[in-house]
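Please read the structure below before turning to the comments.
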Amino acid sequence: MRHFWLLFVLLWITSFTASAQEKVYVAAASSLRAPLEVIVEAFEQQHPNYQVVMSYAASGKLVAQVQHGAPYGLLLVAEPNYVKALQQRELLLQEPIYFSYGQLVFWHPKQRGSMAELLANAQRVALAQPRHAPYGKAAQTYLDTHFANTDISERLIFGENVAQAAHRVYVGAVPAGFVALSQMRQLQISAADYTVLNQVPPLPQAMALTQQARTQQGAQRLHDFLLQAPAQQVLADYGYLSDVTSE
Numbered sequence: 033m034r035h036f037w038l039l040f041v042l043l044w045i046t047s048f049t050a051s052a053q054e055k056v057y058v059a060a061a062s063s064l065r066a067p068l069e070v071i072v073e074a075f076e077q078q079h080p081n082y083q084v085v086m087s088y089a090a091s092g093k094l095v096a097q098v099q100h101g102a103p104y105g106l107l108l109v110a111e112p113n114y115v116k117a118l119q120q121r122e123l124l125l126q127e128p129i130y131f132s133y134g135q136l137v138f139w140h141p142k143q144r145g146s147m148a149e150l151l152a153n154a155q156r157v158a159l160a161q162p163r164h165a166p167y168g169k170a171a172q173t174y175l176d177t178h179f180a181n182t183d184i185s186e187r188l189i190f191g192e193n194v195a196q197a198a199h200r201v202y203v204g205a206v207p208a209g210f211v212a213l214s215q216m217r218q219l220q221i222s223a224a225d226y227t228v229l230n231q232v233p234p235l236p237q238a239m240a241l242t243q244q245a246r247t248q249q250g251a252q253r254l255h256d257f258l259l260q261a262p263a264q265q266v267l268a269d270y271g272y273l274s275d276v277t278s279e
């Protein structure tokens, strides 16, 4: 009987702790998934009273969700201009900041040569949809600038986001594609199988607290946690440049 009551008390405590956790709703660009999974796990270990609920999608789609009342207290996107639209509608608590910078790469498994040769030999090329995915927009700009006189546009295969573009290359559905360096680090792809496009300016990753953060104290804590050295080191490990400046 004593053991029964002990078990009952333990279950009650566990249930109470779980119910006492504050949920923190975070929206993040698909390209940030790998490092954020590591960072969020560390955050929850240090702050057990918070449970982070992540949603990943193309940056433009996440901003649209915030505009339509999604409960995200913290927003992390790969295109600062999207966040400015939220500022204009007074949907943010404060000025957004850049917390890291992503890098665009061309993934060409088992293929070697110059970019001109790689693109010429690729029957199809994957990239994220430029209309709402920053890595797709950067890839399209790169092609328009350096390969405007080729037939590459007829061979482009668009994904909803950079994660979908990378998946198509990963499973062999498409022989090559424009993806994020962080994805190459996550998949442990040999550096010989991708080319970092240094001609493309690093993509600022913007972070902002929304009005929903007024009722999510954990959103502010996670915001600050992302700027600390351990989180910045995780981002650096995944290929992000960790120079942090205010917008």
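Each position in the sequence shown, counted from 1, maps to that position plus 32 in the numbering used here. Don't be surprised by glycine CBs; every beta carbon is placed ideally from N, CA and C.
Taking just the CA atoms, how far does residue j sit from residue i?
{"i": "VAL109", "j": "LEU258", "result": "14 angstroms"}
{"i": "LEU229", "j": "GLU69", "result": "26 angstroms"}
{"i": "ILE129", "j": "GLN243", "result": "16 angstroms"}
{"i": "TYR202", "j": "ALA195", "result": "10 angstroms"}
{"i": "TYR226", "j": "HIS140", "result": "5 angstroms"}
{"i": "GLU186", "j": "PHE138", "result": "18 angstroms"}
{"i": "GLN220", "j": "GLN172", "result": "25 angstroms"}
{"i": "SER222", "j": "LYS169", "result": "25 angstroms"}
{"i": "GLU122", "j": "VAL72", "result": "27 angstroms"}
{"i": "ALA198", "j": "VAL95", "result": "22 angstroms"}
{"i": "ALA261", "j": "HIS79", "result": "17 angstroms"}
{"i": "GLN77", "j": "GLN83", "result": "10 angstroms"}
{"i": "SER62", "j": "TYR88", "result": "5 angstroms"}
{"i": "GLY250", "j": "GLY105", "result": "9 angstroms"}
{"i": "ARG333", "j": "GLN126", "result": "What is shown of the chain runs 33 to 279, which leaves residue 333 out entirely."}
{"i": "PRO211", "j": "ALA240", "result": "A small fix is needed here, since residue 211 is Val in this sequence, not Pro. Approximately 24 angstroms between the Cα atoms of the pair."}
{"i": "ALA59", "j": "LEU118", "result": "14 angstroms"}
{"i": "TRP44", "j": "MET216", "result": "With a pLDDT of only 42 at TRP44, under 50, the local geometry of the prediction cannot be trusted, and no value is derived from it."}
{"i": "SER214", "j": "ALA165", "result": "15 angstroms"}
{"i": "ALA224", "j": "ARG163", "result": "30 angstroms"}
{"i": "LEU124", "j": "ALA180", "result": "39 angstroms"}
{"i": "GLN252", "j": "GLU149", "result": "47 angstroms"}
{"i": "GLN97", "j": "LEU107", "result": "11 angstroms"}
Tell me, to the nearest whole angstrom, how far the beta carbon of residue i is from that of residue j; I am working on the premise that it is less than 8 angstroms.
{"i": "TYR114", "j": "GLY92", "result": "6 angstroms"}
{"i": "PRO67", "j": "PRO236", "result": "Not really, about 16 angstroms apart at Cβ, beyond 8 angstroms."}
{"i": "ALA154", "j": "ALA208", "result": "4 angstroms"}
To which residues of the same chain is residue i closer than 8 angstroms at the C-beta, ignoring the five residues directly before and after it?
{"i": "ALA52", "result": "ASN81"}
{"i": "ILE184", "result": "LEU151, VAL157, LEU175"}
Might you give, ordered along the chain, the residues of its own chain that have their beta carbon closer than 7 angstroms to the beta carbon of residue i, omitting 5 neighbours on each side?
{"i": "GLU192", "result": "ALA90, GLN161"}
{"i": "PRO234", "result": "TYR133, GLY134, GLN135, LEU273"}
{"i": "GLN218", "result": "ALA66, TYR270"}
{"i": "LEU188", "result": "VAL157, LEU159"}
{"i": "PHE75", "result": "VAL84, LEU254, PHE257"}
{"i": "ARG200", "result": "ALA158, ILE189, GLY191, VAL206, GLY209"}
Excluding five sequence neighbours on each side, which residues of the same chain lie with their C-beta closer than 6 angstroms to the C-beta of residue i?
{"i": "GLN231", "result": "none"}
{"i": "GLN264", "result": "SER274"}
{"i": "THR46", "result": "Legend: pLDDT at THR46 = 44, less than 50; position of this residue unreliable, no value from coordinates given."}
{"i": "LEU85", "result": "It is Val, not Leu, that sits at residue 85 in the sequence shown. Cβ within range, chain order: LYS55, TYR57."}
{"i": "VAL266", "result": "PRO67, VAL70, ILE71"}
{"i": "PHE190", "result": "GLN161"}
{"i": "ALA268", "result": "SER274"}
Which ranges does the alpha helix (DSSP H) cover as unbroken runs of at least 4 residues, wholly within the segment 95-179, from first to last along the chain?
112-120, 147-153, 166-178
Flag this pair as touching only if the segment 100-107 and the segment 163-178 have three or more C-beta atom pairs under 8 angstroms; answer yes or no.
no
What runs of the beta strand (DSSP E), each 3 residues or longer, lie entirely inside the segment 217-257?
226-228, 235-241
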